[in-house]
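Participant: Sharing a structure with you now.
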Amino acid sequence: MKFRSLLLCAALVLASLSTFAADKVLYLYNWSEYLPESVIEGFEKETGIKVVYATFDSNEAMYAKLRLVDAKNSYDLVVPSTYYVSKMRKEGLLAPIDKHKLVGFDKLDPKLLNRFFDPGNEYSVPYLWGSTGIAINTDEVKPGSITRWVDLWRPEFKDRLLLTNDMREVFHVGLRVLGYSGNSTDPKQIEAAYKKLTTLVPNVRVYDSEAPRMPYLEGETDAGMIWNGEAFQAHGENPAIEYIYPEEGAALWMDSLVIPKRARNVENAYRFINYVLRPDVGKAISEEIGYATPNMGSLALLDVSLRNNRTVYPNSMDLKNTEFQIDVGDAVKVYEKYWELLKAGRD
Amino acid sequence: MKTRTPFKTAVLTVTWGWMIIFVLLPNLLVFSSSFLQRDELEFVRLPVTLENYTRLLDPLYGGVMLHSLWMAAVTTVVCLLLGYPFAFAVSRFPARLKPLLIFLVIVPFWTNSLVRTYAMKLLLSTNGIVNDLLITIGLIDEPLRMLYTEGAVIAGLVYILLPFMILPLYAVFEQLRRDLLEASYDLGAGRWETFVRVVLPLTLPGVIAGCLLVMLPAMGMFFTADVLGGAKNLLVGNIIKNQFLDARDWPFGAAASLMLTIVMALLLLAYYRSVKLIRRRGNDVALA
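Here the protein sequences come in this chain order: A and B.
Per the working numbering, the very first residue in the first sequence carries number 1; after that it's consecutive.
Per the working numbering, the very first residue in the second sequence carries number 1001; after that it's consecutive.
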C-alpha cells in the first residue's frame, strides 16, 4: 500500500512536470542585459507563463548553441541581429511568423520593416535598434578631442581602450577608418583592415561584449567602442562617460524577435512578442536599457528628455556615414580568419 | 577470492558504465572530430584530414601554447611557495585543530569558481577595494592598474587552484615521521641540511602531485583569462573555447584540446617516472 501511494506521488509529480513543460514555460534566449527584469516579471504575472531566460554575448555563440540543441531542448524565442536573421532564415532554422496572431505589429516604424535581411518580415519582428560608436571618460580625455574612429589609434591611449568582443563591429572600425564599407566582402579590404587593426591592439586593454559599460565605470578604460544603450546606462551612473558618433560612421544594427523552427512553446512565444509590442512595455524597455524602440506607439509615450537624447535616438547629423550591418555571405570566413589572427596575436 | 557479490558487480558496473559513457565516449568523439573537416551546418564532415594538426604548428598557436605554459608555470610556482609552508604549518598543529584548518581550505569550493572570479574583479579594479584601501592608508596616490593584466589572471588562477596544491602537500607532511628529523639533527645536520636532504626528498611526491594538479587546469581555465584578462586569448583554453563557440570550427578546436591532453599525459608520465625513481633511490639508500 505504501509502495503504491509512493508510485502515485511520483506519477503526480511527473505529470505536473510535464504539463509545466508543455504549457506554462517560455524558453527565451537574448543578449545579456537586453531586457529589464521587470518586463519578465510583468509577463509572468499576467500570463502565468514561466520565463526561462538565457543570455549570449555574441551572435556567433547564439548561432552555435541554436545549431547544437535538439528539438527537446530548443529555445522558443531568440533575438539575433539582422545579419544572423538572414543567415538563419536562409538555412531554414526559423519558423515563419503568423502576422494574424500579432497585436500591434502595425505600430512598428515602417522604415525598420521589410528590410533586406527579411523581406516582408516573414520571420522576424524588430525588437530594438542601436549603434556602436565611441565612449570616452571626460575625466581622463578632453571632451571634443575625439571625433573619429582613427583618434583611438593615438599613442596616449596605450592600454586604455575597450573594443567590443564582436568580430563584425571591430572590423567595421578598421574598414571605415580606411574608407571602406563596414560590410565589405572584398578579401583585400578585409585584410587591409586587419593590418590596420593590429596597430590598434597595443592600445586595447579589454575586449568586452557582455557589459561594455563596466570597464568604463570601473575606471579601467578611458575610451573605445561601446553600444549606445550601454553608454546611456553608464552615463546615468557616471555623467563623465559620454557617447560620440564618429565621423567615419557608427555601425547600426537591429535585433529582432524570431521563433526557431524547433520551438516547443510557439503559442507562448507569440504571447511574449505581443507583450513586448505593447506601447507601454516597449517604452519601459527603451527607458531602462537605453536602446531605440522600433515601436511608434512607445515612441509617442516616451518622456521628451529621452526622446531628445541623442545617445539613444540619434538625429540625422549623427546618422551621417552610418551603415546598417548586413550579411556578408561567404566573406564571413575571411573575417573569421583575420579575427582569430587579431586576437591570438601577441605583441 | 574470486567470488562476486551482487554488490561488487553493481559497483563495478556503475563505475565502468560511468567511465565509458562520460569519459571514454566524449574523448573518442573529440579524438575523431579532430581528424575531420569543418562543416557549416553539421559542424564536422568527412573526409579524414590532418589539416587541423598542421594548422596547430602555425607559429601563432605555438606562441599561444608557450605563453599558456608560461602562465601555468608561474601560477604553479606561486602556489607552491604559498602552499608548502602552509601545509607544513598545518601538519604541526594539534591533531584536533587540523580537520578544522583543512576544512577552511575547502570551504571556498562551496561557491562557484566563476562567482569567485567576478569577486576578484571587484577587488582588483581601478576603483576597486584594494586600490581604495591603499589610497586611504596613503600608501599610493594613483590607483594601480591591476585588472585586465596577466598578473590579474595569475592571481585569479592561484586563488582558485591553491587548495589543489595544499591538499596533496598536507597529505605527505602528515606522513612525515618526526623521528627521521630528530635522527637527522642527532647526526649533526643543521636545519637547512635536514630540510634539503630529509624533508624535501620525502615530500617530493606531494610537491609533484600538487604541481600537476595546479598546472594542468591552469592552462585550460578560459573563464579566468576572459574575466580577469580582458578576453585577450591568454590561455590555450580560450583558443579552444573560441573554436567551439564563436568560430564554429570544431575539428580544429578538437585538435587543440587533444594537444592539451597530450601535454598533460606527458606531464603525468614524467610524474609516474619520477615517483618510481624516488622510490628506487629510497630503497637504495635504505639498503646502503
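In this text, a Cβ means the ideal position worked out from N, Cα and C, and glycines have one as well.
A quick note: this is a predicted structure, and the numbers were derived from the prediction, not measured.
Against chain B, does Y207/A count as a neighbour if the rule is that its beta carbon must be under 7 Å from one of theirs?
Facilitator: Here the question's residue 207/A lines up with position 207 in the first sequence. Yes - at least one Cβ of chain B is within 7 Å of the one on Y207/A.
Participant: For V1214/B, which residues from the same chain have a beta carbon less than 7 Å from its beta carbon, with the 5 sequence-adjacent residues on both sides left out?
Facilitator: Numbered from 1 along the second sequence, position 214 holds the residue referred to as residue 1214/B. These residues qualify, in order along the chain: T1075, T1076, C1079, L1161, F1164, M1165.
Participant: With 16 other CB atoms within 10 Å as the buried threshold, where does I1154/B fall?
Facilitator: By one-based count along the second sequence, residue 1154/B stands at place 154. Buried, because 16 or more other Cβ atoms sit within 10 Å of the Cβ of I1154/B.
Participant: Is DSSP giving K286/A helix, strand or coil here?
Facilitator: Taking the first residue of the first sequence as position 1, residue 286/A is located at position 286. Sequence check: residue 286/A is Ser here, not Lys. Helix, per DSSP.
Participant: Let me check one thing: in DSSP terms, what residues is Y1159/B bridge-paired to?
Facilitator: Taking the second sequence and counting its residues from 1, one reaches residue 1159/B at position 159. BP columns for Y1159/B are empty, so no partner.
Participant: Taking only the alpha-carbon atoms, compute the straight-line gap between V78/A and Y34/A and give it to the nearest angstrom.
Facilitator: Taking the first sequence and counting its residues from 1, the one referred to as residue 78/A is at position 78. Taking the first sequence and counting its residues from 1, the one referred to as residue 34/A is at position 34. Going by the C-alpha atoms only, they are around 12 Å apart.
Participant: At least one CB of chain A closer than 7 Å to the CB of I1138/B: is that the case?
Facilitator: For the purposes of this step, residue 1138/B is taken as the residue at position 138 of the second sequence. It should be pointed out that residue 1138/B corresponds to Gly in this sequence rather than to Ile. Chain A, which has no Cβ nearer than 7 Å to the Cβ of G1138/B, makes this no.
Participant: Determine, using beta carbons only, whether A1231/B comes closer than 7 Å to chain A.
Facilitator: Taking the first residue of the second sequence as position 1, residue 1231/B is located at position 231. Chain A, which has a Cβ nearer than 7 Å to the Cβ of A1231/B, makes this yes.
Participant: Against Y1148/B, what residues of chain A qualify as contacts under a CB-to-CB distance less than 7 Å, listed in chain order?
Facilitator: Taking the second sequence and counting its residues from 1, the one referred to as residue 1148/B is at position 148. Those within 7 Å of Y1148/B in chain A are R205, V206, E220.
Participant: Are the C-beta atoms of E140/A and some chain E residue less than 7 Å apart?
Facilitator: The structure shown contains no chain E; its protein chains are A and B.
Participant: Which residue from Y1159/B, A1247/B, R1145/B puts its Cα closest to that of T1117/B?
Facilitator: Here residue 1117/B corresponds to residue number 117 of the second sequence, with the count starting at 1. The residue with the shortest Cα to Cα distance from T1117/B is Y1159/B.
Participant: Could you name the residues of chain A that T1126/B contacts, counting a contact when the two beta carbons are closer than 8 Å?
Facilitator: Translated into the one-based positions of the second sequence, residue 1126/B becomes position 126. Within chain A, the residues near T1126/B are E218, G219, E220.
Participant: Measure the CB-CB distance between P126/A and M254/A and report whether it falls below 7 Å.
Facilitator: Within the first sequence, the letter at position 126 stands for residue 126/A. Within the first sequence, the letter at position 254 stands for residue 254/A. For P126/A and M254/A, yes; Cβs fall inside 7 Å.
Participant: With a floor of 4 residues, list each alpha helix (DSSP H) that falls wholly inside the segment 1228-1274 of chain B, ordered by position along the chain.
Facilitator: If we require 4 residues or more, the alpha helix (DSSP H) runs fully inside the segment 1228-1274 of chain B come out as 1236-1245.
Participant: Just verifying my parser: in three-state terms, what is the DSSP assignment at E1040/B?
Facilitator: Against the second sequence, residue 1040/B aligns to sequence position 40. Coil, per DSSP.
Participant: Using only the alpha-carbon positions, how far apart do A269/A and V85/A sit?
Facilitator: Here the question's residue 269/A lines up with position 269 in the first sequence. Here the question's residue 85/A lines up with position 85 in the first sequence. Each residue's alpha carbon lies about 17 Å from the other.
Participant: Assuming L1235/B and A1225/B make a contact with CB atoms under 8 Å, what is their CB distance in whole Å?
Facilitator: Locating residue 1235/B in the second sequence gives position 235, counting from the first residue. Locating residue 1225/B in the second sequence gives position 225, counting from the first residue. Confirmed, about 5 Å.
Participant: Cβ closer than 7 Å: which chain A residues qualify as neighbours of I1239/B?
Facilitator: Numbered from its first residue, the second sequence carries residue 1239/B at position 239. By Cβ distance, chain A contributes A344.
Participant: Just by C-beta distance, which residues in the segment 1055-1071 of chain B are closer than 9 Å to chain A?
Facilitator: Flagged, chain order: L1060, Y1061, G1063, V1064, H1067.
Participant: Mark M225/A as exposed unless 16 or more other C-beta atoms lie within 10 angstroms of its C-beta, in which case mark it buried.
Facilitator: Residue 225/A sits at position 225 when you count from the first residue of the first sequence. Label assigned to M225/A: buried.
Participant: By how many angstroms is the C-alpha of D318/A removed from the C-alpha of L108/A?
Facilitator: Stepping through the first sequence from its first residue, residue 108/A is reached at position 108. Stepping through the first sequence from its first residue, residue 318/A is reached at position 318. Each residue's alpha carbon lies about 22 Å from the other.
Participant: Give every residue of the same chain whose Cβ lies closer than 8 Å to the Cβ of L306/A, excluding the five residues on either side of it in the sequence, and list them in chain order.
Facilitator: Counting from 1 along the first sequence, the entry for residue 306/A is found at position 306. The answer, listed in chain order, is S286, E287, V312, Y313.
Participant: Between the Cα of D98/A and those of K320/A, V258/A, T221/A, R67/A, spot the shortest distance and give me the residue it belongs to.
Facilitator: Position 98 of the first sequence holds residue 98/A. That would be V258/A, whose Cα lies nearest to the Cα of D98/A.
Participant: Any beta carbon of chain A sitting closer than 7 Å to that of A1183/B?
Facilitator: Locating residue 1183/B in the second sequence gives position 183, counting from the first residue. Output row for A1183/B: interface = no.
Participant: Using a 10 Å radius around the Cβ and a threshold of 16 neighbouring Cβ atoms, would you call P143/A buried or exposed?
Facilitator: For this step, residue 143/A is matched to residue 143 along the first sequence. That one is exposed.
Participant: Using a Cβ-Cβ distance under 7 Å, would A61/A count as near chain B?
Facilitator: Walking along the first sequence from the start, residue 61/A turns up at place 61. By this cut-off, A61/A is an interface position.
Participant: Tell me the residue span of the alpha helix (DSSP H) that contains S38/A.
Facilitator: Walking along the first sequence from the start, residue 38/A turns up at place 38. It spans 37-47 - the alpha helix (DSSP H) in which S38/A sits, taken as one unbroken run.
Participant: Quick one: does A1265/B have its CB under 7 Å from some CB of chain A?
Facilitator: As a working mapping, residue 1265/B is identified with position 265 in the second sequence. It does not; no Cβ of chain A falls within 7 Å.
Participant: Please list the terminal residues of the continuous beta strand (DSSP E) segment that includes Y27/A.
Facilitator: Within the first sequence, the letter at position 27 stands for residue 27/A. Start and end: 25-31.
Participant: Give the range of the alpha helix (DSSP H) segment to which I1135/B is assigned.
Facilitator: Position 135 of the second sequence, counted from the first residue, corresponds to residue 1135/B. Per DSSP, I1135/B belongs to the alpha helix (DSSP H) from 1129-1136.
Participant: List, in chain order, every chain A residue whose beta-carbon is nearer than 7 Å to that of V1171/B.
Facilitator: Taking the first residue of the second sequence as 1, we reach residue 1171/B at position 171. First, the residue type needs correcting, since residue 1171/B is Ala and not Val in the sequence shown. The premise fails here: A1171/B is roughly 39 Å from chain A at the closest Cβ pair, so nothing lies under 7 Å.
Participant: In its own chain, which residues sit with a C-beta less than 6 Å from the C-beta of A21/A, not counting the 5 before and 5 after it?
Facilitator: The residue you call residue 21/A lines up with position 21 of the first sequence. Its pLDDT being 49, under 50, A21/A is placed unreliably by the model, and the measurement read from it follows with that caveat. None.
Participant: Given a cut-off of 7 Å on the beta-carbon distance, is the pair K158/A and N121/A in contact?
Facilitator: Position 158 of the first sequence, counted from the start, is the residue given in the question as residue 158/A. Position 121 of the first sequence, counted from the start, is the residue given in the question as residue 121/A. It is not a contact, given that the beta carbons lie outside the stated cut-off.
Participant: What is the C-beta distance between Q233/A and G282/A, in whole angstroms, given that I count them as a contact (C-beta under 8 Å)?
Facilitator: Here residue 233/A corresponds to residue number 233 of the first sequence, with the count starting at 1. Here residue 282/A corresponds to residue number 282 of the first sequence, with the count starting at 1. Not confirmed; about 18 Å, so no contact.
Participant: Does the CB of R1281/B have a neighbour CB from chain A at under 7 Å?
Facilitator: As a working mapping, residue 1281/B is identified with position 281 in the second sequence. No - not a single Cβ of chain A is within 7 Å of the one on R1281/B.
Participant: Taking just the CA atoms, how far does T199/A sit from W153/A?
Facilitator: Position 153 of the first sequence, counted from the first residue, corresponds to residue 153/A. Position 199 of the first sequence, counted from the first residue, corresponds to residue 199/A. Straight-line Cα distance between these residues: approximately 8 Å.
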